[in-house]
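In the working numbering, the protein residues as written are 127 to 400.
The beta carbon of each residue, even a glycine, is placed where N, CA and C say it ideally should be.
From a predicted model like this one, the values you see are computed outputs, not experimental measurements.
Contents: one structure, followed by commentary.
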Amino acid sequence: MIELKTPAEIERMHVAGRFVAEVLSEVGRLADVGVNLLDLEHHVRGMIKRRGAESCYWDYAPSFGRGPFRNVICLSVNDAVLHGLPHDYTLRDGDVLTADIAVSIDGWAADSARTVIVGTPAEEDLRLVRATEEALEAAIEAARPGNRLGDISAAIWAVARDYGYPVNTEFGGHGIGRTMHEGPHVSNKGRAGRGLTLQPGLTLALEPWFARTTDRIVYDADGWTIRSADGSRTAHSEHTVAITEDGPLVLTRRESETPATRADSVNRLAAKES
Numbered sequence: 127m128i129e130l131k132t133p134a135e136i137e138r139m140h141v142a143g144r145f146v147a148e149v150l151s152e153v154g155r156l157a158d159v160g161v162n163l164l165d166l167e168h169h170v171r172g173m174i175k176r177r178g179a180e181s182c183y184w185d186y187a188p189s190f191g192r193g194p195f196r197n198v199i200c201l202s203v204n205d206a207v208l209h210g211l212p213h214d215y216t217l218r219d220g221d222v223l224t225a226d227i228a229v230s231i232d233g234w235a236a237d238s239a240r241t242v243i244v245g246t247p248a249e250e251d252l253r254l255v256r257a258t259e260e261a262l263e264a265a266i267e268a269a270r271p272g273n274r275l276g277d278i279s280a281a282i283w284a285v286a287r288d289y290g291y292p293v294n295t296e297f298g299g300h301g302i303g304r305t306m307h308e309g310p311h312v313s314n315k316g317r318a319g320r321g322l323t324l325q326p327g328l329t330l331a332l333e334p335w336f337a338r339t340t341d342r343i344v345y346d347a348d349g350w351t352i353r354s355a356d357g358s359r360t361a362h363s364e365h366t367v368a369i370t371e372d373g374p375l376v377l378t379r380r381e382s383e384t385p386a387t388r389a390d391s392v393n394r395l396a397a398k399e400s
């Protein structure tokens with residue numbers, strides 16, 4: 127079901143979005159060499175409890191998972207990219223960590239993800255993360271009234287293609303509002319000018335994710351954690367976005383976040399070569 131939200135309802139989602147942004151900022155600050163994933167999970171549980179929010183993940187049991195999810199944040203490391211179960215793992219220098227969280231406050235949900243590199247970053251990992259960030263910003267820019275859903279998908283795909291990364295279409299973005307997952311599905315690969323016409327009040331979780339050298343995925347024995355099929359590293363960026371008369375409104379933007387653009391990378395490359 128697709129439900130268009132009123133401006134007042136979007137602002138209520140924005141309340142949840144600001145908290146989600148706060149949580150991801152905190153996880154990014156804490157993620158360091160020697161930190162255990164379970165410590166991050168329990169820290170986030172405390173933040174949610176103190177805020178009076180509700181985890182959208184706890185007891186979540188979709189068709190693609192194994193039983194109810196019993197964590198409040200997804201933490202995926204290196205070749206893991208989606209639905210990573212927090213477990214007894216201590217972060218190492220150079221690890222690529224994706225944190226993905228959705229919460230509900232007063233009945234309205236917001237969902238966001240970010241990928242950070244622990245300790246010393248490898249250039250190829252920075253490039254992969256940057257690609258997802260640029261793809262997300264391109265998707266946000268396309269999320270305007272009168273455009274089509276395919277314009278968002280095509281914008282993500284164009285960035286991936288430019289970087290040379292393959293795109294998996296089994297998991298992508300989705301509608302969001304009263305629940306974490308609503309219609310429509312937003313593929314990370316598509317054709318411009320196709321699909322649903324975007325209208326003010328539509329709220330979407332846009333989430334480009336790429337693996338470096340494959341578009342195929344495999345599941346861990348836990349039934350949740352999704353990895354690149356060839357073991358190549360992965361990255362994932364996500365924001366909850368409302369389509370308004372004035373254009374896209376990002377409901378989960380972190381205070382310290384600087385939106386990534388392709389122009390930034392081109393300018394840096396030109397400066398490096400000069």
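What are the residues that DSSP puts in a beta bridge with Asn-126?
-> What is shown of the chain runs 127 to 400, which leaves residue 126 out entirely.
Beta-carbon contacts of Leu-223 that lie in its chain and below 8 Å, excluding the five residues immediately before and after = The answer, listed in chain order, is Ala-157, Leu-201, Ser-202, Val-203, Leu-217, Thr-241, Val-242, Ile-243 and Val-244.
Which ranges would you report for the beta strand (DSSP E) in the segment 224-282 if only whole runs of at least 3 residues count?
-> The segment 224-282 contains these whole beta strand (DSSP E) runs: 234-243.
Name the DSSP bridge partner or partners of Asn-162?
-> According to the DSSP secondary-structure assignment, Asn-162 is paired through a beta bridge with Thr-216.
Alpha-carbon to alpha-carbon, Arg-270 and Val-279 = The sequence given here has Ser at residue 279, not Val. Rounded to the nearest whole angstrom, the C-alpha separation of Ser-279 and Arg-270 is 13 Å.
Drop a sphere of 10 angstroms on the beta-carbon of Ala-396, count the other beta-carbons inside from all chains shown, and report buried for 16 or more, exposed for fewer.
-> At Ala-396 the pLDDT is 41, less than 50, meaning the model places this residue with poor confidence; the figure from the coordinates comes in the next sentence. Answer is exposed; the Cβ neighbour count stays below 16.
So the alpha helix (DSSP H) Arg-144 belongs to, where does it begin and stop?
-> Element bounds for Arg-144: 133-156.
Chain-order list of residues whose beta-carbon lies under 6 Å from that of Asp-185 (same chain, five-residue window excluded) | Apart from the 5 residues on each side of it in sequence, Asp-185 sits with its Cβ closer than 6 Å to the Cβ of Pro-194 in its chain, given in chain order.
Taking all protein chains shown into account, do 16 or more other C-beta atoms lie within 10 angstroms of the C-beta of His-209, making it buried, or fewer, making it exposed?
-> The residue is buried, with at least 16 neighbouring Cβ atoms inside 10 Å.
Measure the Cβ-Cβ separation of Ala-206 and Ile-352 and say whether it is below 8 Å.
-> Yes, Cβ-Cβ distance for Ala-206 and Ile-352 is below 8 Å.
7 Å Cβ shell around Ala-239 - same chain, five flanking residues per side excluded = Once the five neighbours on either side are set aside, the close Cβ partners of Ala-239 are Thr-224, Ala-225, Asp-226, Glu-333, His-362, Ser-363 and Glu-364.
Taking 8 Å as the threshold, find out whether the segment 257-272 comes into contact with the segment 320-330 through three or more Cβ pairs.
-> The answer is yes - the segment 320-330 touches the segment 257-272, with three or more Cβ pairs under 8 Å.
Ala-368 by DSSP, collapsed to three states: which one?
-> The answer is strand: DSSP assigns Ala-368 an E or B state.
Start-to-end residues for the beta strand (DSSP E) that takes in Phe-68 = In the structure as shown, the chain begins at 127 and stops at 400. Residue 68 is therefore absent and cannot be evaluated.
Which same chain residues, not among the five before or five after Thr-378, have their C-beta less than 6 Å away from its C-beta?
-> Shown here for Thr-378: same chain residues with a beta carbon closer than 6 Å to its own, the five before and five after excluded, namely Gly-143, Val-146, Ala-147, Ala-236, Ser-238, His-365 and Thr-366 in chain order.
For the beta strand (DSSP E) containing Arg-353, list its first residue and its last residue.
-> Its beta strand (DSSP E) spans residues 352-354.
How far does the beta strand (DSSP E) with Leu-208 in it reach, from first residue to last?
-> Looking at the DSSP string, the run of the beta strand (DSSP E) that includes Leu-208 is 206-208.
Closest by CA to Phe-297, which one among Asn-314, Val-153, Asn-162 and Leu-211?
-> Minimum Cα distance to Phe-297 is reached at Asn-314.
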